[in-house]
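Using the UniProt record's numbering, the letters of the sequence shown correspond one by one to residues 1 to 240. Ideal placement from N, C-alpha and C gives every residue a C-beta, glycine not left out. Data block below; observations after.
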Amino acid sequence: MEGNDVKPTRELYMQLLQAFASSGQVDAAQRIVNTMRFAGIQLTIEAYAFLIEAYSQAGDPDQARGHFDHMMTTGLKPDDKCTACMVAAYAKKNFLDKALDLLLKLEKDGFEPGIETNSVLVDWLGRLQLVEEVELLLKKIEEIGEPPLQVHVSLCDMYSMAKNEHKARQALNVLEGKKNLLKADQFERIVRGLLAGGFSSDAKRMYDVMQQQGFSPSEQTKVILTAAQSIPRPTLQRRN
């Protein structure tokens, strides 16, 4: 590019940054950010969000927080996307106190968690089986708009493990209606959640749907399903 005097555009840098962020390639993401700065391209909230996401995916919440704090010193105020990335970084290490402390500080400055931040919290608290807290967050999400698909995955997992048949079925019905949108890791979580709750027939059905969608279940999921099918278990009652 340089030999032809063609300069990369902001859009190209952002595409590269997003790709590196999603795979947790922190060194590559940091190089892109440094190159942007050297080229005189001012970092936006979106760029910081990708950088924070990279460290989140890599399991380094301290570095993620460092970039989050630096962003704020530049005068940029974190939006819902950026905050969600930071909370997700804490979630990977289960640093709940740090996440809540951050949110309290931001809310004092006028920030209100939106759909993305609350969705991360739903997933996190759902894994901890904090059902009441999750349901409060779900109401907040629904007041803003429609819950993302991942929220229904989180709910299905949480209610299955809690053996709340009625609500697990509700979430599962939504997911089956949107099966074409589900990713491999989401299918895995749904199947494992159903198995953990003792709903092996439903788990087998979703396992089959997963394969029909072109995904290959992990060996661990195959083993767990095979073991579960050897034991009589209840089935989520399907209603119209």
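- Message: Within 10 Å of its beta-carbon, does H152 have 16 or more other beta-carbons around it, so buried, or fewer, so exposed?
- Response: buried
- What residue ranges within the UniProt domain "PROP1-like PPR" (1–125) form continuous alpha helix (DSSP H) runs of no fewer than 4 residues, ordered along the chain? 10–22, 26–38, 45–57, 61–73, 80–93, 96–108
- Message: Nearest by alpha-carbon distance to I41: which of R65, H67, G198, L12 is it?
- Response: L12
- Task: Decide if T9 is buried, meaning its Cβ has at least 16 other Cβ atoms within 10 Å, or exposed.
- Result: exposed
- Message: If contact is defined by three or more beta carbon pairs under 8 Å, each pair taking one atom from either stretch, is the region 174–189 in contact with the region 134–141?
- Response: no
- Where E188 falls: helix, strand or coil (DSSP): helix
- Straight-line gap, Y207 to S200 (C-alpha atoms, nearest Å): 10 Å
- Message: Please list the terminal residues of the continuous alpha helix (DSSP H) segment that includes G198.
- Response: G198 -> no alpha helix (DSSP H), and no H or E assigned at all.
- Runs of beta strand (DSSP E) lying entirely within the region 123–155, each at least 3 residues, in chain order: none
- Message: Quick check on this structure: which residue in F215, Q211, M210, G198 has the alpha carbon closest to the alpha carbon of A227?
- Response: G198
- Query: Which class does L182 belong to by DSSP, given the choice of helix, strand or coil?
  - Reply: coil
- Could you tell me whether the region 127–136 touches the region 104–117, using the rule of 3 or more Cβ pairs below 8 Å? no
- Task: Could you pull the start and end residues of the alpha helix (DSSP H) that G214 belongs to?
- Result: Segment: none, G214 is in no alpha helix (DSSP H) and carries neither H nor E.
- L104, buried or exposed, once every other Cβ within 10 Å from all chains shown has been counted against 16: exposed
- Residue span of the alpha helix (DSSP H) that contains A162, given as start and end: Premise fails: A162 is in no alpha helix (DSSP H) and is neither H nor E.
- Residues of its chain near R65, where Cβ-Cβ distance is below 6 Å and the 5 sequence neighbours each way are ignored: none
- Item | Neighbour-count burial assignment, S23, 16 or more Cβ in a 10 Å radius | exposed
- Task: Rounded to whole angstroms, what's the CA-CA distance from S216 to M158? Just pull it up for me.
- Result: 24 Å
- Alpha carbon to alpha carbon, what distance is there between V174 and E146? 12 Å
- Rounded separation between residue 252 and M161 - CA only: Summary: the structure shown does not reach residue 252, with the chain confined to residues 1 through 240, and so no result is reported for it.
- Query: If you draw a straight line from the C-alpha of K93 to the C-alpha of V87, how long is it?
  - Reply: 10 Å
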